[in-house]
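K.L.:
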Ligand code: ACM
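Residue numbers (mature numbering (1 follows the signal peptide of the UniProt record, and there is no 0)): -33 to -1, 1 to 499.
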């Protein structure tokens, strides 16, 4: 029985063609609509749920053609957040929204003074009164988070890239908000299928709305090597020349990668590059015969099997190769973390795996970075700064508990909950199902702080939602798998557990639907969510 719902069709039928035509005309009109009659404010439907939000009944702030965005005097970073906000609001409102230094009770103010100490490094306070909107934080990252909340207090059509009719009323509210976890990640696999710089930027903008602050890029795998390495140019020339299914693949030049990292940083997102080692390396092995134990380069691979490749553990050239790659990646990456993979090294024995990691972990440190790795890499007992990423399908994981006892703090990406490439149900055409079907409630309904048996909350650094791309070839397909589950995982990373409530979450999620429509996000209209 088909379970898919068509949220748009009902409204279309009810309106009828004549009224629909009128609305289209209205939307195309160039008149700047001042709020003639007060419109009902947007009900509070903030995702991720804030720590505290006190509505002010009857209060709204109306954005008008005269609204200015005031930013903390002397702060270039606050000004950048102001420009970002103006960039979101200008196309749909048609307002000029000048960004000017200063503090004013009127208009919108983004200030780095006076915030409650509880907001910490990434939180904010937001006040919407009749006179204006004031966001206060201790950092630009906090202002940026507050701006994401403000967007959700405005009508959904504010997200449109074309001029819409107002009024532009923001719901009156007083918010105090800060994150539960420091690591709130999304991972995109650009190796199985390549995604262009513009496609990755599009995803960055989408995840930033939900206060995600890490983008883990899975840059290398059996099917493709996607980052230019100047000292080993054949990695991309040959190893980047195809992808799953035999398409043309692609890669980022170092300049393009720098541009992506800077774009993410402007959204307060740290890029964590992954070079997957010692398995998942067929593209590298195919590019350089000398990296193979038998000196013979295998052909490029365009299938979706895993666990068949390994760098040659006993060759010196392997460590020269890894050192060169990590040096270049570290130099291109301002963030603290380098992810060295370590998963599914099924043709590498445990002693060889440990021998390999014992040589590679010091290279990460030598290049000034902290190592992240898939959970298998704890076999090599990396030091306490290293970040294991748990992707298991069980809630019992003695290796994670032992790593935590040694001081490692763990990122949770349980495949049965957080893997955005799992099919929603038996009707989902895209995606895989080896970890089971994962509809929105499954993705939402778990507590990262109490998920792995005997792993204390204090050992959890955060959560991350990986999106593997064996079956995904473009942004529309990425969006179909990520939305609405990415916001569910993002909420687990940000919101206090005391706010956790599926019945309320699905209502708040439903309110995102019109925003995604206005943005052109190709989300999956899960029948579990009461879309409006
Ligand atoms: C993984 O899914 N192999 C990390």
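Cβ coordinates follow ideal geometry from the N, Cα and C atoms, glycine included.
For the alpha helix (DSSP H) containing residue 374, name the first residue and the last one.
P.N.:
Run containing residue 374: none; DSSP gives neither H nor E here.
K.L.:
Return the Cβ separation of residue 460 and residue 147 in integer angstroms, given the expectation that the two are a contact with Cβ distance under 8 Å.
P.N.:
Rounded, the Cβ-Cβ distance is 7 Å, consistent with contact.
K.L.:
Tell me whether residue 465 is buried or exposed, calling it buried when 16 or more other Cβ atoms sit within 10 Å of its Cβ.
P.N.:
Label assigned to residue 465: exposed.
K.L.:
The ligand ACM and residue 311: does any heavy atom of the ligand fall closer than 7 Å to the residue's C-beta?
P.N.:
Residue 311 Cβ: within cutoff of the ligand ACM.
K.L.:
Looking at the unbroken alpha helix (DSSP H) that takes in residue 287, where does it start and where does it end?
P.N.:
Note, residue 287: alpha helix (DSSP H), 283 to 299.
K.L.:
What does the Cβ neighbour count give for residue 575, buried or exposed, with the cut at 16 atoms within 10 Å?
P.N.:
For residue 575 there is no data in the structure shown, the boundaries of the chain being -33 and 499.
K.L.:
Within a Cβ cutoff of 7 Å, which residues of the same chain sit near residue 306, ignoring the five residues on either side of it in sequence?
P.N.:
Excluding positions up to five away in sequence, the list reads 183, 239, 240, 241, 339, 340.
K.L.:
With DSSP as the reference, label residue 115 as helix, strand or coil.
P.N.:
Of the three classes helix, strand and coil, the one that applies to residue 115 here is helix, per DSSP.
K.L.:
Pick out whichever of 117, 77, 116, 100 has its Cα sitting closest to the Cα of residue 106.
P.N.:
For residue 106, the nearest C-alpha among the options comes from 77.
K.L.:
With 16 other CB atoms within 10 Å as the buried threshold, where does residue -19 fall?
P.N.:
Caution applies to residue -19, whose pLDDT of 33 falls short of 50 and renders its modelled position unreliable; the value that the coordinates give is listed next. When all chains shown are included, residue -19 counts as exposed.
K.L.:
Distance, Cα to Cα, residue 321 vs residue 294?
P.N.:
Taking the straight line from one Cα to the other gives about 21 Å.
K.L.:
Where in the stretch 362 to 438 do unbroken runs of the alpha helix (DSSP H), each at least 4 residues long, occur, reported from the N-terminal end onward?
P.N.:
As far as the stretch 362 to 438 is concerned, its whole alpha helix (DSSP H) runs of at least 4 residues are 365 to 372, 382 to 385, 407 to 411.
K.L.:
Taking a contact to mean a Cβ-Cβ separation below 8 Å, would you say residue 18 touches residue 143 in this structure?
P.N.:
Yes, the Cβ-Cβ distance between residue 18 and residue 143 is below 8 Å.
K.L.:
Which residues in the same chain have their Cβ closer than 6 Å to the Cβ of residue 254, if we skip the five residues on either side of it in sequence?
P.N.:
Counting only Cβ-Cβ distances below 6 Å, and skipping sequence neighbours, we find 201, 202, 205, 206.
K.L.:
Given a threshold of 16 other Cβ atoms within 10 Å of its Cβ, counted over all protein chains shown, does residue 4 qualify as buried or as exposed?
P.N.:
Since pLDDT at residue 4 reaches only 45, below the 50 mark, its modelled position is unreliable, and the value read off the structure follows with that caveat. Exposed, because fewer than 16 other Cβ atoms sit within 10 Å of the Cβ of residue 4.
K.L.:
Does residue 471 come out as helix, strand or coil in the three-state DSSP assignment?
P.N.:
Of the three classes helix, strand and coil, the one that applies to residue 471 here is helix, per DSSP.
K.L.:
Distance, Cα to Cα, residue 43 vs residue 50?
P.N.:
Using only the alpha carbons, I get a separation of about 10 Å.
K.L.:
Taking residue 285 as the reference, give the member of 369, 413, 438, 259 with the closest Cα.
P.N.:
Checking every option, the nearest Cα to that of residue 285 belongs to 259.
K.L.:
To which residues of the same chain is residue 363 closer than 7 Å at the C-beta, ignoring the five residues directly before and after it?
P.N.:
Once the five neighbours on either side are set aside, the close Cβ partners of residue 363 are 420.
K.L.:
Residue 24 lies in the beta strand (DSSP E); which residues open and close that run?
P.N.:
Run containing residue 24: 19 to 30, per the beta strand (DSSP E) assignment.
K.L.:
Figure out for me which residue from 177, 52, 453 has the closest Cα to the Cα of residue 63.
P.N.:
Comparing Cα-Cα distances from residue 63 to each of 177, 52, 453, the minimum goes to 52.
K.L.:
Measuring alpha carbon to alpha carbon, tell me which residue in 481, 493, 463, 418 is nearest residue 448.
P.N.:
For the residues 481, 493, 463, 418, the minimum Cα distance to residue 448 belongs to 493.
K.L.:
From this set, 160, 149, 127, 101, which residue's C-alpha is nearest residue 138's C-alpha?
P.N.:
Of 160, 149, 127, 101, the residue nearest in Cα terms is 101.
K.L.:
Relative to the C-alpha of residue 58, which candidate in 125, 91, 72, 89 has its C-alpha closest?
P.N.:
Of the listed residues, the one whose Cα sits closest to residue 58 is 125.
K.L.:
Determine the direct distance from the alpha carbon of residue 157 to that of residue 219, and round the result to whole angstroms.
P.N.:
One C-alpha to the other measures close to 10 Å.
K.L.:
Taking 8 Å as the cut-off, does the stretch 312 to 326 touch the stretch 350 to 362 (at least 3 CB pairs, one atom from each stretch)?
P.N.:
Output reads no: the stretch 312 to 326 does not touch the stretch 350 to 362.
K.L.:
Would you identify the three-state DSSP class for residue 490, choosing helix, strand or coil?
P.N.:
Note: residue 490 maps to coil in three-state DSSP.
K.L.:
Could you tell me whether any non-hydrogen atom of the ligand ACM is closer than 7 Å to the CB of residue 401?
P.N.:
Flag unset: Cβ of residue 401 not near the ligand ACM.
K.L.:
Is residue 341 near the ligand ACM, judged by its Cβ being under 7 Å from some heavy atom?
P.N.:
Yes; taking the cut-off as 7 Å, the Cβ of residue 341 has a heavy atom of the ligand ACM nearer than that.
K.L.:
Find out if the Cβ-Cβ distance for the pair residue 98, residue 82 is shorter than 8 Å.
P.N.:
Not in contact: residue 98 and residue 82 (Cβ atoms no closer than 8 Å).
K.L.:
Measuring alpha carbon to alpha carbon, tell me which of 428, 475, 497 ends up nearest residue 181.
P.N.:
Residue 428 is the option with its Cα nearest to residue 181.
K.L.:
From which residue to which residue does the beta strand (DSSP E) around residue 242 run?
P.N.:
Counting along the chain, the beta strand (DSSP E) containing residue 242 begins and ends at 237 to 244.
K.L.:
I'd like the list of long-range same chain contacts for residue 289, defined as Cβ closer than 7 Å, with 5 residues on each side in sequence excluded.
P.N.:
So the qualifying residues of the chain are 244, 327, 330.
K.L.:
Starting from residue 441, trace the beta strand (DSSP E) in both directions and tell me its first and last residue.
P.N.:
Neither: residue 441 is in no beta strand (DSSP E) and is coded neither H nor E.
K.L.:
Identify the continuous alpha helix (DSSP H) that holds residue 203 and give its terminal residues.
P.N.:
Residues 201 to 204.
K.L.:
Tell me which residue opens and which closes the beta strand (DSSP E) that residue 76 is part of.
P.N.:
It spans 74 to 78 - the beta strand (DSSP E) in which residue 76 sits, taken as one unbroken run.
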